[in-house]
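Numbering that gives the first Met the number 0 puts the first residue of the sequence shown at 0, with every later residue one more than the last.
One structure below.
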Amino acid sequence: MAKQQPARWWTVRRAQNRKPATYRCPICDRYLPALSEHMLVVPENDSSRRRHAHTKCVIAARKAGRLPTQTEWLGSQPREAGRLRSLIERLRADRRSR
Ligand SMILES: [Zn+2]
Numbered sequence: 000m001a002k003q004q005p006a007r008w009w010t011v012r013r014a015q016n017r018k019p020a021t022y023r024c025p026i027c028d029r030y031l032p033a034l035s036e037h038m039l040v041v042p043e044n045d046s047s048r049r050r051h052a053h054t055k056c057v058i059a060a061r062k063a064g065r066l067p068t069q070t071e072w073l074g075s076q077p078r079e080a081g082r083l084r085s086l087i088e089r090l091r092a093d094r095r096s097r
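Listed below in structure tokens is the structure:
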């Protein structure tokens with residue numbers, strides 16, 4: 000995880016990329032062909048910092064408690080959770096109305 004940027008929470012989704020590129024998995028540091036089944040790992044919804052990772056690496060990291068989701072992270076921040084959640088909901092509502 001050394002090359003991974005610090006982030007408090009992550010979004011993980013199935014990669015839809017179908018261009019013939021090769022990435023380096025940020026979790027195991029091994030090569031990852033884009034055409035193989037893999038996942039996208041996005042720190043704090045910052046898609047400019049998204050990384051392609053092996054599905055099994057992501058599952059293992061999730062099980063080990065790394066790569067917490069936003070909801071999990073908020074759950075670990077009891078004093079801030081209510082305030083942040085309402086802020087996030089306000090931002091989402093704002094984005095929808097644009
Ligand atoms: Zn990997």
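Ideal placement from N, C-alpha and C gives every residue a C-beta, glycine not left out.
Just so we're clear, the structure is a prediction, and the values are computed from it rather than from any experiment.
Check, Outcome
"Beta carbon of C24 nearer than 7 Å to that of A52", "yes"
"Per-residue burial, I26 [other beta carbons within 10 Å of its own, 16 or more giving buried]", "buried"
"Per-residue DSSP class, three states only, for P77", "helix"
"Three-way DSSP call (helix, strand, coil) for L90 in this model", "helix"
"W72 in three-state terms, based on DSSP", "helix"
"Minimum C-alpha distance to T10 - residue among P67, S35, A92", "P67"
"Outcome for V50 when other beta-carbon atoms lying within 10 angstroms are tallied against a minimum of 16", "Note on identity: in this sequence residue 50 is Arg, with Val being the wrong assignment. Buried."
"Cα-Cα separation between W72 and G81, rounded to whole angstroms", "12 Å"
"Neighbour-count burial assignment, A1, 16 or more Cβ in a 10 Å radius", "Bear in mind that a pLDDT of 45 at A1, under 50, signals an unreliable position, so the number given afterwards is only what the model happens to contain. Exposed is the call here."
"DSSP-derived helix/strand/coil call for Q83", "The question names Gln, yet the displayed sequence has Leu at residue 83. L83: helix per DSSP, three-state reduction."
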